[in-house]
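Q: According to my numbering, the sequence shown is numbered sequentially starting from 14. Before I ask anything, here is the structure I am working with.
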Amino acid sequence: MTTDRPADSAGFATRAIHAGQAPDPTTGAVVPPIYATSTYAQDGVGGLRNGYEYSRSGNPTRTALEECLASLEGGSHGFAFASGLAAEDTVLRALCRSGDHLVVPHDAYGGTFRLFDRVHAQWGITATPVDLTDLAAVEAAIQPGKTTMLWLETPTNPLLAIADIAALAELAGWHGITTVVDNTFASPYLQQPLALGADVVVHSTTKYCGGHSDVVGGAVVVGDAELADKVRFHQNAMGAVAGPFDAWLVLRGLKTLALRMERHSDNAEAIARFLAEHPSVSETIYPGLTSHSGHDVARRQMRRFGGMVSFRVAAGEQAAVELCARTKVFTLGESLGGVESLIEHPGRMTHASVAGTALEVPADLVRLSVGIEEVNDLLEDLDQALGTTGSVR
Ligand SMILES: *Cc1c(COP(=O)(O)O)cnc(C)c1O
């Protein structure tokens with residue numbers, strides 16, 4: 014299978030459609046086939062065709078996705094996994110050892126924090142949650158000789174805090190620390206951490222990369238052959254790979270990523286402006302609002318501000334919970350990044366596992382994953398759902 018990449022100078026939308034996806038040489042199929050095969054015929058012992066031996070080690074559909082992801086993140090190598098957490102776990106086991114210390118976001122994705130706190134902690138890897146918007150606090154948390162990794166997530170989930178990737182990667186560089194960025198919320202269309210100095214990018218491709226809420230997947234992209242060797246070895250040795258059908262779904266999603274992110278951003282901007290004016294909302298959190306403390310950094314490092322909007326309901330927790338059940342176009346559910354709009358109550362849903370820890374979120378917080386529907390329908394839906402919150406006690 015030919016996996017020619019378009020020139021790195023080609024535009025993002027062009028690479029999203031063509032990188033790793035040259036027409037199939039056998040048939041001319043313009044879409045990479047789903048290679049539903051576990052093994053490959055060899056031309057004599059060890060005579061592998063294009064290096065394919067066994068599908069845990071490599072599968073052509075997965076290769077197409079991995080090359081596309083590498084191109085979109087401006088990296089040299091991409092790796093596709095069965096989930097975002099599988100990707101993260103592989104990075105941690107590939108790059109960290111017992112005794113290592115990590116500096117991590119104090120408002121990381123709940124499952125990421127649980128991976129540090131409940132899984133890797135058992136193997137002697139410790140993590141200190143820090144407010145990444147406070148550079149001095151990050152520096153203070155670094156333990157010389159012990160801290161080996163700085164883990165960033167920006168924008169964060171669900172509080173949409175913005176970490177300055179370039180500044181933090183530079184700080185990590187001074188200390189010889191590897192910088193990993195969870196780029197799930199921005200997607201490679203809005204933000205490219207490797208170009209800002211990060212070493213490793215991870216994604217839950219379940220979210221914007223896949224974009225249609227029909228697949229669970231993860232990715233790692235690096236810009237350096239030595240890191241790539243470590244990740245490749247662990248991807249194969251641990252085995253949490255993306256299957257060919259899942260890889261194909263993510264690849265199909267990536268083709269429209271640029272269009273989708275523009276529309277997600279258009280809709281989210283309109284909704285953030287609407288919520289910011291609404292009397293039932295005490296605070297609207299969106300990096301695109303000039304009132305957001307990370308707005309200037311976000312403008313520097315992101316193309317636009319994405320589709321996630323969080324807000325606090327003035328009437329409190331119960332009103333926030335009830336609001337989530339009243340929307341009709343926004344579906345009440347976890348996850349994010351799909352074409353359909355979702356609403357959720359982080360305190361009781363996605364972030365229930367971090368209650369009582371440093372990552373606890375406000376009880377009156379509501380999180381929106383703004384989809385790509387007609388914006389007027391979304392605004393009307395929120396308007397009717399918010400209409401009565403003032404009277405809810
Ligand atoms: C969903 C998510 C993950 C975990 O990914 P899965 O695909 O669910 O394993 C990690 N980080 C962020 C920011 C996420 O939103």
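Heads up, the beta-carbon is just placed ideally off N, CA and C, and yes, glycines get one too.
So, at 8 Å on beta carbons, what are the nonlocal neighbours of G403 in its own chain, with the 5 sequence-adjacent residues on each side left out?
A: Counting from 1 along the sequence shown, the entry for residue 403 is found at position 390. Confidence at G403 is low in this model, with a pLDDT of 47, below 50, so its placement is unreliable and the value that follows should be read with caution. Within the same chain, Cβ atoms closer than 8 Å to the Cβ of G403 are found at P292, S293, A327 and A328, the five residues on either side in sequence being excluded.
Q: Does ligand 1 have even one heavy atom less than 7 Å from the beta-carbon of Y221?
A: Within the sequence shown, numbered from 1, the residue matching residue 221 stands at position 208. Y221 has its Cβ no nearer than 7 Å to any heavy atom of ligand 1.
Q: For the candidate residues P201, A83 and R62, whose alpha-carbon lies nearest to that of T52?
A: Along the sequence shown, read from residue 1 onward, the residue named residue 52 stands at position 39. Closest by alpha carbon: R62.
Q: Taking the alpha helix (DSSP H) that A140 belongs to, which residues open and close that run?
A: Residue numbering aside, residue 140 sits at position 127 when the sequence shown is read from its first letter. It is not in any alpha helix (DSSP H) - A140 instead sits in the beta strand (DSSP E) that spans T139 to V143.
Q: Are there 16 or more other CB atoms within 10 angstroms of the CB of G59, so buried, or fewer, so exposed?
A: For the purposes of this step, residue 59 is identified with residue 46 of the sequence shown, where counting begins at 1. Counting Cβ neighbours within 10 Å, G59 comes out exposed, since fewer than 16 surround it.
Q: Is there at least one non-hydrogen atom of ligand 1 closer than 7 Å to the beta-carbon of D357?
A: Indexing the sequence shown from 1 puts residue 357 at position 344. The identity of residue 357 in the sequence shown is Glu, whereas the question assumes Asp. For ligand 1, not one heavy atom lies less than 7 Å from the Cβ of E357.
Q: Do the region 368 to 380 and the region 262 to 278 meet, that is, are 3 or more Cβ pairs less than 8 Å apart?
A: Between the region 368 to 380 and the region 262 to 278, the count of C-beta pairs closer than 8 Å stays below three; the two stretches do not touch.
Q: I need the straight-line Cα distance from V213 to A93, nearest angstrom please.
A: On the sequence shown, position 200 is the one that residue 213 refers to. On the sequence shown, position 80 is the one that residue 93 refers to. One C-alpha to the other measures close to 14 Å.
Q: Does the Cβ of Y202 lie closer than 7 Å to at least one heavy atom of ligand 1?
A: Here residue 202 refers to the residue found at position 189 when the sequence shown is read from its first residue. Taking non-hydrogen atoms of ligand 1 into account, the C-beta of Y202 is found less than 7 Å away from none of them.
Q: Using only CA atoms, which one of L165, P168 and T139 lies nearest to Q156?
A: For the purposes of this step, residue 156 is taken as residue 143 along the sequence shown, with counting starting at 1. Of the candidates L165, P168 and T139, the one whose C-alpha sits nearest the C-alpha of Q156 is T139.
Q: Tell me, which residues are paired with G231 by DSSP?
A: Residue 231 sits at position 218 when you count from the first residue of the sequence shown. F94 and S217, per the DSSP bridge assignment.
Q: Around the C-beta of E166, are 16 or more other C-beta atoms found within 10 angstroms, so that it is buried, or is it exposed?
A: The residue labelled residue 166 in the question sits at position 153 within the sequence shown. Classification for E166: buried.
Q: I need the straight-line Cα distance from C81 to T39, nearest angstrom please.
A: Along the sequence shown, read from residue 1 onward, the residue named residue 81 stands at position 68. Along the sequence shown, read from residue 1 onward, the residue named residue 39 stands at position 26. Computed Cα separation, rounded: 21 Å.
Q: Starting from F324, follow the beta strand (DSSP E) in both directions and report where the run begins and ends.
A: Your numbering for residue 324 matches position 311 in the sequence shown. Where F324 is concerned, the enclosing beta strand (DSSP E) stretches over M321 to V326.
Q: What number of angstroms, rounded off, separates the C-alpha of G41 from the C-alpha of C109?
A: Along the sequence shown, read from residue 1 onward, the residue named residue 41 stands at position 28. Along the sequence shown, read from residue 1 onward, the residue named residue 109 stands at position 96. Approximately 43 Å between the Cα atoms of the pair.
Q: Going residue by residue through the region 160 to 226, where are the continuous beta strand (DSSP E) segments of at least 3 residues, counting only ones entirely within it?
A: Those beta strand (DSSP E) runs which fall completely within the region 160 to 226 and span 3+ residues are 160 to 166, 191 to 195 and 213 to 217.
Q: So for S382, helix, strand or coil by DSSP?
A: As a first step, residue 382 is located in the sequence shown; it is residue number 369 there, counting from the start. Three-state result, S382: strand.
Q: Under 6 Å Cβ to Cβ from I298, same chain only, skipping five residues before and after it: list those, please.
A: Within the sequence shown, residue 298 is the residue found at index 285, counting from 1. So the list reads L173 and S323, once near-sequence residues are dropped.
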